[in-house]
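>
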Amino acid sequence: MKVFDTKLALTWHNYKIILVIVFFNSYFTIIASALSALPCINLDSSVDETYLKIHPALECWSWQRKLVLFGATLPTLVIWGLGIPFMLFVIVFGAQSKKDLKRNSPDAFVSRYREKFYFWESIIYIERYLAMVLIAVLKDFSTQFKVTWLLFLLSMYYFAVLHLQPNKHGSINKMEANSFIVIITTIALGYL
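For the sequence shown, the positions run 0 to 191 when numbering that gives the first Met the number 0 is used.
1) For A36, does the three-state DSSP call read helix, strand or coil?
2) In three-state terms, what does DSSP make of E120?
3) Short of 8 Å in beta carbon distance, which residues of its chain neighbour L152, apart from the five on each side in sequence? Order them along the chain.
4) Are W119 and P165 close, meaning C-beta to C-beta below 7 Å?
5) With C-beta atoms as the reference, is I29 less than 7 Å away from W79?
6) Closest to L81 by CA distance: which of S141, I122, E48, L68 is it?
7) Count the other C-beta atoms from every protein chain shown that fall within 10 angstroms of the C-beta of Y190, then say buried if there are 16 or more, exposed otherwise.
8) Does DSSP classify N166 as helix, strand or coil?
9) Assuming L137 contacts I183 under a Cβ cut-off of 8 Å, what Cβ separation, rounded to an integer in Å, is found between them?
10) Using a Cβ-Cβ cut-off of 7 Å (strictly less than) and excluding sequence neighbours within five positions of C39, which residues of its own chain qualify?
11) Run the proximity test for L152: is its beta-carbon closer than 6 Å to any non-hydrogen atom belonging to the ligand SAH?
12) In angstroms with no decimal places, state the Cα-to-Cα distance between N177 and L161.
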């Protein structure tokens, strides 16, 4: 019976790792798909009706759109968009020791971070999620407004990496900070 319990525990551990990897690989695709169901467009400026951008046959506030919006899109954004980073956070802080952490999560999520920053992968998810939501949801706002908030979000992440140094190797922290300088500069120059 003891052998069976060990095999069952090992199998469950393997399934958990597979699920985390699947969630990791499909996270941004699912969020982008959910966000694409939000924008509406006005097809005729003389009429005050808006239609779904990805499916112009559906009126924005028709019962079908409300069903999709409240039945699938918003739950996906909340459960998947915030739930996956939260799940990573719980896995990391739920571990009683470094050994438990290594056993309960794929090495790619924790091996490059210093011990007190094993949760950093969830911070990266939340930062990217907020950037995607910012771009998709604030479509009616001016480009200047969106660029300003996007630059603010990216700058906050940049300063967090510089100040906290979450990676084990200083060169990775510098590389990540430099890549954000390039991204921030590109966005700022692109807006000009």
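Think of the CB as a built atom: it goes at the ideal place given N, C-alpha and C, for glycine as much as any other residue.
On the basis of the supplied data:
1) coil
2) helix
3) E126, L129, A130, L133
4) yes
5) yes
6) I122
7) exposed
8) strand
9) With a Cβ gap of about 18 Å, L137 and I183 do not count as contacting.
10) T49, Y50, L51, K52, C59
11) What this structure holds is no ligand at all, so the ligand SAH is not there to describe.
12) 10 Å
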